[in-house]
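**Q** Okay, here's the structure, questions in a sec.
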Amino acid sequence: MSDSQITGEIAAAVIEALKSERMTLKEALTIIKRGEEMAESLHIPMVFTVVDDGGNMVAMHRMDDSLLAGISVSHAKAYTAAALRIPTEEAGKTILPGQPLYGLQQTHPGKFCVFGGGIPLTFRGRFIGGLGVSGGTVEQDIAVARHAAGI
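So the mapping is simple: this note's numbering equals the position in the sequence shown, first residue as 1, plus 459.
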């Protein structure tokens, strides 16, 4: 085997390994399905959004009869969890007056949501995206998001 063939095989193996550590549509749909199953058991119509590590939407799912507002709220929760790499309920504590990130939500108007229901997603210890859930109470959104993310 020539050096160029070996180099090509190594590059292909690295690319394949990196693909498996990124948010895929298949994985996003699996996460959403887990969340929807729990939402159905609670009889709460919800909206689910999964974003990749850059905050770009991979998938969104709106259950029948969920609130229209849930679309933008779930997306903002997913974006916030991805941008800050912490659950949104923890982010909410840091933006209060006197706290280290006070006013952060003003830097990205309409993109940040700092109440519970947003979870950063990891795979093999590597950050790969965020999940946002909206439709129930904050506590219900947090519980469903954690269940969907496998936490």
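Built from N, CA and C at the ideal position, the CB exists for glycine as well.
Fair warning: this is a prediction, and the values are worked out from it, not measured in the lab.
Check whether the Cβ atoms of Pro637 and Leu526 lie closer than 9 Å to each other.
**A** Absent from the structure is residue 637, since the part of the chain shown begins at 460 and ends at 610.
**Q** Between Met482 and Val532, how many whole angstroms is the CB-CB distance? I'm expecting something under 8 Å.
**A** By 1-based counting over the sequence shown, the position of residue 482 is 23. By 1-based counting over the sequence shown, the position of residue 532 is 73. Not really, about 20 Å apart at Cβ, beyond 8 Å.
**Q** Whole-angstrom Cβ separation of Val597 and Phe574, contact assumed at under 8 Å?
**A** In the sequence shown, counting from the first residue as 1, residue 597 sits at position 138. In the sequence shown, counting from the first residue as 1, residue 574 sits at position 115. 5 Å between Cβ atoms; contact.
**Q** Assuming Ala607 and Ile490 are in contact, meaning their beta carbons sit under 8 Å apart, how far apart are those beta carbons, in whole angstroms?
**A** On the sequence shown, position 148 is the one that residue 607 refers to. On the sequence shown, position 31 is the one that residue 490 refers to. Sure, about 5 Å apart at Cβ, within 8 Å.
**Q** Measure the C-alpha to C-alpha separation of Ala535 and Phe582 and round it to an integer number of angstroms.
**A** Translated into positions along the sequence shown, residue 535 becomes position 76. Translated into positions along the sequence shown, residue 582 becomes position 123. Looking at the two C-alpha atoms, the distance is approximately 22 Å.
**Q** Give me the residue from Ser461, Ala541, Ala550 and Thr539 with the minimum Cα distance to Leu560.
**A** Working through the sequence shown from its first residue, we reach residue 560 at position 101. Ranking Ser461, Ala541, Ala550 and Thr539 by Cα distance to Leu560 puts Ala550 first.
**Q** With the cut-off set at 9 Å, would you say Gln599 and Leu488 are in Cβ contact?
**A** Locating residue 599 in the sequence shown gives position 140, counting from the first residue. Locating residue 488 in the sequence shown gives position 29, counting from the first residue. Cβ distance not < 9 Å, so Gln599 and Leu488 don't count as in contact.
**Q** From this set, Gly514, Gly557 and Gly591, which residue's C-alpha is nearest Phe507's C-alpha?
**A** One-based indexing of the sequence shown puts residue 507 at position 48. Checking every option, the nearest Cα to that of Phe507 belongs to Gly591.
**Q** Taking only three categories from DSSP, how would you classify Ser461?
**A** Taking the first residue of the sequence shown as position 1, residue 461 is located at position 2. In the structure shown, Ser461 sits in coil (DSSP, three-state: anything other than H, G, I, E or B).
**Q** If you follow the beta strand (DSSP E) that Met497 is part of, which residue opens it and which one closes it?
**A** As a working mapping, residue 497 is identified with position 38 in the sequence shown. First-last for Met497: Leu484 to Leu501, but that is the alpha helix (DSSP H), not the beta strand (DSSP E).
**Q** Mind checking which residues open and close the beta strand (DSSP E) that includes Arg585?
**A** Residue mapping note: residue 585 aligns to position 126 of the sequence shown, counting from 1. First-last of the beta strand (DSSP E) with Arg585: Arg585 to Ser593.
**Q** May I ask you to report which of helix, strand or coil DSSP gives Arg521?
**A** As a first step, residue 521 is located in the sequence shown; it is residue number 62 there, counting from the start. In the structure shown, Arg521 sits in a strand (DSSP, three-state: E or B).
**Q** Just the Cα atoms here: how many angstroms apart are Pro556 and Ala540?
**A** Locating residue 556 in the sequence shown gives position 97, counting from the first residue. Locating residue 540 in the sequence shown gives position 81, counting from the first residue. Looking at the two C-alpha atoms, the distance is approximately 21 Å.
**Q** For Ile605, collect the residues of the same chain with a Cβ closer than 8 Å to its Cβ; drop the 5 residues on either side in sequence, then sort them by chain order.
**A** In the sequence shown, the residue the question calls residue 605 occupies position 146. Checking the sequence shown, residue 605 turns out to be Arg, not Ile. Same-chain partners within the cutoff: Ile578.
**Q** So who's on the other strand from Val509, going by DSSP bridges?
**A** Counting from 1 along the sequence shown, the entry for residue 509 is found at position 50. According to DSSP, which records beta bridges pairwise, Val509 is partnered with Ala518 and Leu590.
**Q** Quick check on the DSSP output: the beta strand (DSSP E) that includes Gly577 runs from which residue to which?
**A** Translated into the one-based positions of the sequence shown, residue 577 becomes position 118. That run of the beta strand (DSSP E) goes Gly577 to Phe582.
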